[in-house]
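For the sequence shown, the positions run 0 to 1129 when numbering that gives the first Met the number 0 is used.
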Amino acid sequence: MKKIIILINIIFATTGIKAQLTQKENYIYSKTHLDYDTAGNSTKNSEIVKYFDGLGRPKQILNIKASPQGRDVVTHIEYDQFGRQTKNYLPVPQQGTQNGALVTNPLANATQPNLYGSERIYSEKTLENSPLNRILEQKQEGNDWAGKPIKFNYNVNISGDNPRNYTTVTKWDPVGKMTISAIQPPQFFMPGQLYKNTITDEDGNKTIEFKNGKGQVILVRKVLSSTENADTYYAYNEYDQLAFIIPPLISTWDILEQSTQDNLCYQYRYDNKGRLVEKKLPGKGWEYMVYDKQDRLVLSQDALLGSTANNFTKKGWIFTKYDMFDRIVYTGFFANTATRIAMQTAINNMNVNPGNNETRTTSPFSQNGLDIYYTKAAFPTGSMTILNVNYYDHYPAGSPTIPTNILGQTVITDLQSSSVNTKSMEVASYIKNIDDDNWTKTYNWYNNKGLEIGSYSINHLGGSTKKELLIDFTGLIKESYSYHKRTINDTEVKIKETFEYDHQNRLIAHKHKVDNYTEEPLAVLSYNELGQLVKKNIGQEDASSHIPLQSIDYKYNIRGWMSEINDPDNLGNDFFAMRLKYQNPQDGQYGIAKYNGNISEVDWKTASDKIHRRYAYSYDSLNRLTKGTFLTPYLTSNTQNHFYDEEISYDLNGNIKTLNRFQAPPAGSSTAMQIDELVYDYEIPNLSNKLTKVTDNRNNASGYPIGGNMITYDLNGNMTSQKDKGISSITYNYLNLPKQISTAQGNTSYLYRADGVKLKKTFGNKTTEYLDGFQYENGVLKLIPTTEGTYDLQRTQYVYDYKDHLGNIRLSFGAADGGGWFYLKENNYYPFGLLHQGYNDYNNLKDFDIPYRNKYNGKELEEETGMYDYGARMYMPDLGRWGVIDPLAEKYPEWSSYHYAYNNPINAIDPDGRESTWIPTIQFDKDKSGNLTGGHIALQMEQGDNAESLAKTLNISQKEADKLFNNMQEKGSTSLNVPEHIAGPMNMAITDAIMNSGDYSGSKNYNCFACSFRNATGEGLKDDNFSYIMSPTDFQSYIKAGFDKAGANEKIFGKTIVAFKGENENKILGFTIDKTIELNHAATYLGTSRNGTEYTFSKNGMFQNPKIETTSSLKAQYGNKVGYWNKSAR
0 MKKIIILINI
10 IFATTGIKAQ
20 LTQKENYIYS
30 KTHLDYDTAG
40 NSTKNSEIVK
50 YFDGLGRPKQ
60 ILNIKASPQG
70 RDVVTHIEYD
80 QFGRQTKNYL
90 PVPQQGTQNG
100 ALVTNPLANA
110 TQPNLYGSER
120 IYSEKTLENS
130 PLNRILEQKQ
140 EGNDWAGKPI
150 KFNYNVNISG
160 DNPRNYTTVT
170 KWDPVGKMTI
180 SAIQPPQFFM
190 PGQLYKNTIT
200 DEDGNKTIEF
210 KNGKGQVILV
220 RKVLSSTENA
230 DTYYAYNEYD
240 QLAFIIPPLI
250 STWDILEQST
260 QDNLCYQYRY
270 DNKGRLVEKK
280 LPGKGWEYMV
290 YDKQDRLVLS
300 QDALLGSTAN
310 NFTKKGWIFT
320 KYDMFDRIVY
330 TGFFANTATR
340 IAMQTAINNM
350 NVNPGNNETR
360 TTSPFSQNGL
370 DIYYTKAAFP
380 TGSMTILNVN
390 YYDHYPAGSP
400 TIPTNILGQT
410 VITDLQSSSV
420 NTKSMEVASY
430 IKNIDDDNWT
440 KTYNWYNNKG
450 LEIGSYSINH
460 LGGSTKKELL
470 IDFTGLIKES
480 YSYHKRTIND
490 TEVKIKETFE
500 YDHQNRLIAH
510 KHKVDNYTEE
520 PLAVLSYNEL
530 GQLVKKNIGQ
540 EDASSHIPLQ
550 SIDYKYNIRG
560 WMSEINDPDN
570 LGNDFFAMRL
580 KYQNPQDGQY
590 GIAKYNGNIS
600 EVDWKTASDK
610 IHRRYAYSYD
620 SLNRLTKGTF
630 LTPYLTSNTQ
640 NHFYDEEISY
650 DLNGNIKTLN
660 RFQAPPAGSS
670 TAMQIDELVY
680 DYEIPNLSNK
690 LTKVTDNRNN
700 ASGYPIGGNM
710 ITYDLNGNMT
720 SQKDKGISSI
730 TYNYLNLPKQ
740 ISTAQGNTSY
750 LYRADGVKLK
760 KTFGNKTTEY
770 LDGFQYENGV
780 LKLIPTTEGT
790 YDLQRTQYVY
800 DYKDHLGNIR
810 LSFGAADGGG
820 WFYLKENNYY
830 PFGLLHQGYN
840 DYNNLKDFDI
850 PYRNKYNGKE
860 LEEETGMYDY
870 GARMYMPDLG
880 RWGVIDPLAE
890 KYPEWSSYHY
900 AYNNPINAID
910 PDGRESTWIP
920 TIQFDKDKSG
930 NLTGGHIALQ
940 MEQGDNAESL
950 AKTLNISQKE
960 ADKLFNNMQE
970 KGSTSLNVPE
980 HIAGPMNMAI
990 TDAIMNSGDY
1000 SGSKNYNCFA
1010 CSFRNATGEG
1020 LKDDNFSYIM
1030 SPTDFQSYIK
1040 AGFDKAGANE
1050 KIFGKTIVAF
1060 KGENENKILG
1070 FTIDKTIELN
1080 HAATYLGTSR
1090 NGTEYTFSKN
1100 GMFQNPKIET
1110 TSSLKAQYGN
1120 KVGYWNKSAR
């Protein structure tokens, strides 16, 4: 075979290659420059070598000097006798570096005690011995998982499965011009009519999916026991549109009355274009959608907006207006009592502005106290309350002066005559307060690479927050400056933050400084050779000693799951320690080994009393927590076992049915005192997700108060009273956020912006204001949040938090005057978040007079109601559920729309009350027969996700992330259309995508996979009718850098990279390499799956919606205009 050597030197083609590569091997060498000095010389690099065997298959991936100590990190690749890669090895740091030379025995160093020791360092698939190569078993890394595989089974339904066949009778409504489906009493599918695929996880929990011959999901069955299943059915109309979703609670019913459907089913109706125009979620009123001729959602209305019981006190619609590029330019409330079909007809009949677009103008119209520099030609044109305005390309009149530079970085202008300008970028955003006509105006400033380096925000009180960022070559923030004042006449507060990184851009230090006070080292971080964070030094006792207040140690198991925060068995000088156990519980009676990621036990100890405490957890087959057993395993006398037990039962929808809770007994007793024996009653009766009454059979006021009063709801399913806790009424704004809560102690009122950001809370004579993270009490700045806690401005004091794996604040502390330290507050929690009472209850926060109320999940405790404010919803830890329906309930129809964290609060959180993490994940794909065919990448929200994590992932401002997130929510979508100017810092991704072909594992989650930007016709292409990926040099010249990986041990993978262009679409999809650097097309790709099927997550710019495509579908669309970067792989 001819030897192939490919050298890729990203960024600077003239940079010499100093690696000592093995010249007798086939390889690809890549070098990515991470930073440079003032003379333009590279100071930090990422170097990767990929070696291939004689058949062109990758056999070793070598990251040169990539470990924290500068050692080579090698990933070994091997194949079975059929040429299939059934084992995927973890990366192994070597003893030193060979500067890129092939490592002959890369696994030898894996047994080092500080690496993997004697653990099994590979995952392994068992494949079907057929051309389909379907996965039969998947064993994960680690000795304990060698006998605990995930199992896959492929079959058809058999006798005993008894899947129900829900059919509909669909009629066309000539008045509403939509389908109306009626669900029919179900029959049963005969054996062999459905494809049946079963996945059994490591703990034996089964999920069975049934599909029909069209590939439609008919039933998802989760096996609860040998006699009970949690079945979720999907019913389609005659046009193959989803018409109903029947949740588990009523999945065995033969007749579904309309009241039952309204309370528990998801119902959908469509117009003649197949657009969803009406829907009803369980427990909510009907919602309506209206579209323009470009199929863009322009009007939406829920049940409260369809009444006068909303903050506008009028019936109406939320409207969205777009420009010609489908960018949202302004939104608001349209007061109108007309029906949906009347609205749709009016839009369909528009002749003056048939495109329904707004354009920029120099002659503004005034509305709600604001001059708006757009036309008012798109529907609607009157009776509007403007809520949000976005400006792109050039700054509106009245904008502050654009600085010429920020921290030595050139700021681009909006002059279209300039070679580099702000065209296609969002330059300003105005957001109105919901309850008055005051606005927050934010302006964004960019460098000549299109990266945001500054912003200026004028708040609704007239004050401001200016932010300036010094970023490095890859886009990482080196310094951050914030200048804030509440009103225009207040004294400005200056915050400086400094970030330091190691040779591979891992964060190693974060410093913080307020005004001219001493700079504080918030965190100094250290990593092990696998790249995992293992030590974090927090704060300092005093500025002269530089001794950290606390040194926090972290440990992980072979799966990469956190296992320790300090050591509970050896507390030493640590204030807090915790141990997380999965498959290795110590208590044989209460702790059951879990291999699927559930936590079986948590041990913890604090320096307050140094008592070793433990929770042992039990789960059902749906991974729902059923009991948390409290133990004090090392107290030989006066044991406190069961003092804080919590036991829960559920219905099939995940609604809590009963909750038993215990507390420490009075002095003189050693038996745990039961404080709650709660019975939950639901509407009609127990045929709804709406909790209507809670009865405490213990009649104990601790925990949940003695109650039995009725709980009421509004038309949107929002809880409007809870008299058990003295809440007589709750009113909401159009975002379903509380406007006022009335209690026996008084009224709590809230002020929100139209994007859902809380600005003010008033209770009695105390007003708390929230301005860009700065928190005020009665006009006095009290605290400033930091990444490790808060800063008390009144005492010029840093307060630090110990957080557990869920972000729960367990202990707050600070540096004492003259050296040493002090405690402020210790928090210990029941599994569902209620605070323990009866030990370590000191609260020195009162002495500080700071309004620090953040506790469970790091969220603010509303002391007047006992609820936690998560942002989008309020959580009730005494009941373990929300009081408002999940805004994203449709994504998980098998769950009650009021459930918290999948009823698994030990292993999951809900960061903002909506949903979870922005991790691009691999999803299994199946053919029409239900066979696994591979996987694709979907940018979707998962556990732990919100707008904040989106901002971090894309390295954009929180304001811009909030806008993207809110726009997505308004459209009811789970896909994200990211504007091109923030298309993603992906220089590391493209390198790894090219280098790491063949290392894709269908059972793992990874982050970015590859990236392709294509040239416009005639610019750099050899063939104007054929498109390839750009050269890495051109790519790196324009794309941002530093895309975070999903985890310390997880890689970025890719295979054959595809780029494409369409017929007559050059201007739409083109990327012009000229002075304007205008990006119009970007896509990330997975490439080839294990069985040869190629999948790609494609984000086709602002002109097309994001979508999942296979290369076969691209071929079908673009024919011979599709090219592969790595032709040899074909």
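Virtual Cβ for every residue (Gly too), placed ideally from N, Cα, C. Values in this document were obtained by computation on a predicted structure and should not be read as measured data.
Query: Beta-carbon proximity check, Y445 vs W438, cutoff 8 Å; Result: no
Query: D370 to Y482 span [Cα, whole Å]; Result: 27 Å
Query: Residues that DSSP places opposite Q503 in a beta bridge; Result: None, per the DSSP bridge assignment.
Query: Among I411, G407, A376, the one whose alpha carbon lies nearest that of D392; Result: I411
Query: Contacting residues, own chain, Cβ-Cβ under 8 Å from Q215 (five flanking each side not counted); Result: Y233, Y235, D239
Query: Anticipated Cβ contact below 8 Å, G315 with N335, distance rounded; Result: 6 Å
Query: Rounded distance between the beta-carbons of P830 and I244, thought under 8 Å; Result: That belief does not hold up - the Cβ atoms of I244 and P830 are roughly 29 Å apart, past 8 Å.
Query: Proximal residues to K722 (C-beta, below 6 Å), its chain only, five neighbours per side dropped; Result: N708
Query: Counterpart residues of L880 in DSSP-defined beta bridges; Result: Here residue 880 is Arg; the residue named in the question, Leu, does not match the sequence. DSSP, once it has assigned bridges, lists M875, H898 as partnering R880.
Query: Contained alpha helix (DSSP H) runs [length at least 4] in the segment 334 to 382, N- to C-terminal order; Result: 339 to 347
Query: Length of the line joining the Cα atoms of I740 and P67; Result: 52 Å
Query: Backbone secondary structure at D619 - three-state DSSP; Result: coil
Query: Where the beta strand (DSSP E) through Q673 begins and ends; Result: 672 to 681
Query: N-terminal and C-terminal residue of the alpha helix (DSSP H) that N262 is part of; Result: 257 to 263
Query: Extent of the continuous beta strand (DSSP E) run through K689; Result: Note, K689: premise wrong, no beta strand (DSSP E); not H, not E.
Query: Beta-carbon proximity list for T766, same chain, < 6 Å, skipping 5 on both sides; Result: N777
Query: C-alpha gap between Y581 and I179, whole angstroms; Result: 49 Å
Query: Three-state secondary structure (DSSP) of A234; Result: strand
Query: Ordered list of beta strand (DSSP E) runs contained in the segment 71 to 142, each at least 3 residues; Result: 72 to 75, 86 to 88, 121 to 126, 134 to 138
Query: Close Cβ partners of G39 (< 6 Å) along its chain, the five nearest in sequence each way excluded; Result: none
Query: Residue burial classification, S599 (beta-carbon count within 10 angstroms, cutoff 16); Result: buried
Query: Straight-line gap, P281 to S636 (C-alpha atoms, nearest Å); Result: 51 Å
Query: Identity of the residue in K375, G453, K30, I433 nearest S362 by Cα; Result: K375
Query: Nonlocal neighbours in the same chain, by C-beta distance under 6 Å from Y799, ignoring five residues either side; Result: I537, G538, E787, G788, F812
Query: Whole-angstrom distance between K534 and A606, CA atom to CA atom; Result: 19 Å
Query: Bridge-paired residues (DSSP) for T206; Result: I198, K221
Query: Assigned secondary structure, G857 (DSSP; H/G/I helix, E/B strand, else coil); Result: helix
Query: Contact under 8 Å by Cβ, I182 with Y165; Result: yes
Query: Counted within 10 angstroms of its Cβ, other Cβ atoms place T517 as buried (16 or more) or exposed; Result: exposed
Query: Assigned secondary structure, D754 (DSSP; H/G/I helix, E/B strand, else coil); Result: coil
Query: Which of helix, strand or coil DSSP assigns to A888; Result: helix
Query: Spatial neighbours of T42 in its chain, beta-carbon cut-off 7 Å, leaving aside the 5 residues before and after; Result: D34, Y35, D36
Query: Ranges of the beta strand (DSSP E) found wholly within the segment 633 to 661, counting only runs of at least 3; Result: 645 to 649
Query: Inter-residue spacing [alpha-carbon to alpha-carbon] between P547 and G95; Result: 31 Å
Query: Nearest-angstrom beta carbon gap, P130 and Q137 [assumed within contact, 8 Å]; Result: Going by Cβ atoms, the distance from Q137 to P130 rounds to 20 Å, so no, they are not a contact pair.
Query: Supposed contact pair K484 and S456 - C-beta distance, whole angstroms, cut 8 Å; Result: About 11 Å separates the two Cβ atoms, so there is no contact after all.
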